[in-house]
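Peer 1: In this text, residue positions in the sequence shown follow the working numbering: the first is 2, and each later residue adds one.
Where is the CB? At the ideal position from N, CA and C, for every residue including glycine.
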Amino acid sequence: MANYAIMRCKKLTGMGSVASALQHCYRERETPNANAERTPENYCSVSKSTDQAMGRVRELLPEKRRKDAVLAVEYVMTASPEWWKEATP
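(1) Taking the straight line between their C-alpha atoms, what separation do you get for Asp52 and Asn4?
(2) Could you tell me which residues DSSP pairs with Thr79 in its beta bridges?
(3) Lys12 bridges to which residues according to DSSP?
(4) Report buried or exposed for Ala54, applying the criterion of at least 16 other Cβ atoms within 10 angstroms of its Cβ.
(5) As a quick exercise: from Ser18, Thr14, Met2, pick the residue whose alpha carbon is nearest that of Arg67.
(6) What distance in whole Å lies between the Cβ atoms of Tyr27 and Ser50, which are believed to be in contact at a cut-off of 8 Å?
(7) Taking the runs of the alpha helix (DSSP H) that are 4 residues or longer, which of them lie wholly in the stretch 10-67?
Right under this line is the structure:
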């Protein structure tokens, strides 16, 4: 199979969608498509939990904002299993 890359981005327009994305990333809710044994390998330089990250989001965003404001953009970047096998650690 060929090497390929995947990049997905999604606008998050509500605090609920931001919190939901964070819960998924921090594995604070069931995430069936993730290997639970590899969760400790995940790294985040900003916070250690959804609550901590949401506190930071609230600090950074203005209290008054447009109803249609984009609060965050979620990016997912990955590659094919074949590429990862050949990648230099």
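Peer 2: On the basis of the supplied data:
(1) 37 Å
(2) Ile7
(3) According to DSSP, Lys12 bridges with Val74.
(4) buried
(5) Thr14
(6) Taking the Cβ atoms as the reference, Ser50 lies roughly 6 Å from Tyr27, within the contact range of under 8 Å.
(7) Listed in chain order, the alpha helix (DSSP H) runs fully inside the stretch 10-67 are 16-26, 51-61, counting runs of at least 4 residues.
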